[in-house]
Amino acid sequence: MTSEKFTVEKVLSIQRWTNNLFSFTMTRPAHFKFTAGQFARIGIMVDGELIVRAYSLVSSPYDEILEFFSIVVPDGAFTSRLQHLKVDDELYLEKIPYGYLTLARYQQPAPKDLWLLATGTGLAPFLSMLQDFSTWQHYQQIFLVYSVRSQAELAYVARIKEIHESFGENHPNFCFIPVITRDATATLNQRLPILIENGQLEQVAGQNFNVDSSHIMLCGNPEMVEDTKEALKRRGLKMNRRGEGNIAVENYW
Ligand code: NAP
14 MTSEKFTVEK
24 VLSIQRWTNN
34 LFSFTMTRPA
44 HFKFTAGQFA
54 RIGIMVDGEL
64 IVRAYSLVSS
74 PYDEILEFFS
84 IVVPDGAFTS
94 RLQHLKVDDE
104 LYLEKIPYGY
114 LTLARYQQPA
124 PKDLWLLATG
134 TGLAPFLSML
144 QDFSTWQHYQ
154 QIFLVYSVRS
164 QAELAYVARI
174 KEIHESFGEN
184 HPNFCFIPVI
194 TRDATATLNQ
204 RLPILIENGQ
214 LEQVAGQNFN
224 VDSSHIMLCG
234 NPEMVEDTKE
244 ALKRRGLKMN
254 RRGEGNIAVE
264 NYW
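So for the sequence shown, the working numbering puts the first residue at 14; every next one is plus one.
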């Protein structure tokens with residue numbers, strides 16, 4: 014079964030952000046094609062048994078390697094082992110990617126303003142989308158909103174700046190909005206549904222959500238996804254179904 018569905022890849026690098034947050038890269042087999050926003054299934058062998066988990070790709074569809082962003086789930090069978098990963102370790106990669114949180118799913122409204130709302134490691138698919146030139150070509154405005162508990166958990170900030178500089182060079186209308194929920198001194202420190210309800214998110218963005226133009230993607234904590242979706246629906250925004258509508262979501266666990 015393993016050799017049919019999976020290939021064995023090698024870990025190339027590991028970056029540790031905090032005690033329980035890290036990123037890693039691995040080799041990419043030539044057959045592994047994906048669309049920005051999709052996830053891979055990665056496996057580790059534990060006592061002769063393959064344990065597999067879904068991981069959104071951070072890297073762009075054009076990169077030669079694959080990058081992932083992970084949290085260590087306390088007592089989790091998978092991540093408690095994965096956290097000890099070393100360069101040159103082997104990981105199993107399922108040959109096909111999965112998932113529908115891709116920009117291609119939007120047919121109506123036409124692309125204009127894109128809102129990418131993440132908590133924690135749910136940032137991953139949005140980094141992949143932002144490393145795809147077509148995202149910058151299609152949208153006039155892009156807002157990346159990233160909610161974490163503390164400043165230390167705000168991973169990838171320097172990379173976001175680099176991505177904007179290299180992919181969105183002539184795109185002035187990119188706005189990165191960090192939200193740090195357990196830091197009273199942060200500009201925004203309330204949860205996303207509250208920031209939508211009290212209008213603070215739009216105020217900081219300098220732009221309102223618009224049922225006729227906004228594409229809004231949510232990824233991360235399932236409760237955040239649920240509560241934020243409801244807050245947006247109360248504002249008249251619609252779930253994207255069969256290509257039409259504003260809101261597209263991915264629960265992360
Ligand atoms: P998290 O609890 O998801 O918090 C990250 C951000 O989301 C924080 O700003 C948090 O705000 C906010 N948030 C949490 N619940 C929310 C809600 N209902 N509405 C709006 N915002 C909300 O923290 P995390 O460290 O990324 O993940 C926490 C735990 O989730 C992990 O320890 C792990 O057990 C599990 N997890 C599992 C997987 C998996 O693949 N199995 C992946 C990721 C995470 P507050 O500070 O106000 O809480």
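Even glycine gets a Cβ: it sits at the ideal position worked out from N, Cα and C. Note that the structure is a prediction, hence the values are computed from the model and not measured.
* Below 6 Å CB to CB, which residues in the same chain sit around Lys251 once its five sequence neighbours on both sides are set aside? => Correct list, in chain order: Gly258 and Asn259.
* Below 8 Å between beta carbons: does that hold for Glu107 and Arg54? -> In this structure, Arg54 lies closer than 8 Å to Glu107 by Cβ.
* Where does Ile229 land, buried or exposed, given buried means 16+ other C-beta within 10 angstroms? -> The Cβ neighbour count for Ile229, taken over all protein chains shown within 10 Å, is at least 16; the residue is labelled buried.
* Taking the C-alpha atoms as reference points, what is the distance between Ala67 and Gly112? -> Between the C-alpha atoms of Ala67 and Gly112 there is a straight-line separation of about 10 Å.
* To do: Would you mind reading off the limits of the alpha helix (DSSP H) that contains Thr241?
  => Secondary structure note for Thr241: its alpha helix (DSSP H) is the uninterrupted segment Pro235 to Arg247.
* Asked: What whole-angstrom Cβ distance do Thr194 and Ser160 have, given they're in contact under 8 Å?
  -> Thr194 to Ser160, Cβ: 6 Å. Contact.
* Asked: Can Pro87 be considered in contact with ligand 1, in the sense that its beta carbon sits closer than 7 Å to one or more heavy atoms?
  -> Checking the 7 Å criterion, the Cβ of Pro87 is within range of a heavy atom belonging to ligand 1.
* Identity of the residue in Ile207, Leu140, Leu34 and Thr148 nearest Val238 by Cα -> Comparing Cα positions, the closest option is Ile207.
* Asked: Which residue or residues does DSSP assign as beta-bridge partners of Val40?
  -> Reading off the sequence shown, one finds Thr at residue 40, where the question assumed Val. In the DSSP assignment, the residues bridged to Thr40 are Ile78.
* Asked: To which residues does DSSP link Phe35 through a beta bridge?
  -> According to DSSP, Phe35 bridges with Arg29 and Ser83.
* May I have the straight-line CA-CA distance separating Glu210 from Leu231, to the nearest angstrom? => Rounded to the nearest angstrom, the two C-alpha atoms are 16 Å apart.
* Ignore the nearest five residues each way along the sequence and tell me which others in Ile176's own chain have a CB closer than 8 Å to its CB. => Same-chain partners within the cutoff: Leu140, Leu143 and Gln144.
* To do: Check each candidate in Phe35, Glu243 and Ser163 and name the one with the smallest Cα separation from Asp196.
  => It is Ser163 whose Cα lies nearest to the Cα of Asp196.
* Note down, one range per segment and in chain order, each alpha helix (DSSP H) of at least 4 residues found wholly within the region 146-198. => You should have 146-151 and 170-180.
* **DSSP bridge partner residues for Gly56 (one or two, in chain order)** => Note: Gly56 sits in a beta bridge opposite Val65 and Tyr105.
* **Sequence-distant residues of the same chain with beta carbon closer than 6 Å to Ser226, five excluded per side** => If we look at Ser226 and ignore the five residues flanking it on each side, its Cβ neighbours are Pro122, Lys125 and Asp126.
* Strand pairing of Gln121, partner residues [DSSP] -> For Gln121, which the question treats as bridged, DSSP gives the partners Glu257.
* To do: Give me the Cα-Cα distance between Ile27 and Met58, rounded to the nearest whole angstrom.
  => Distance between the alpha carbons of Ile27 and Met58 is about 19 Å.
* 8 Å Cβ shell around Ile78 - same chain, five flanking residues per side excluded -> Excluding its 5 nearest sequence neighbours in each direction, Ile78 has C-beta neighbours in its own chain below 8 Å: Leu25, Thr38, Met39, Thr40, Arg41 and Ser72, listed in chain order.
* To do: Please classify Ala171: is it buried, with 16 or more other beta-carbons within 10 angstroms of its beta-carbon, or exposed?
  => Around the beta carbon of Ala171, fewer than 16 other beta carbons lie within 10 angstroms, which makes this residue exposed.
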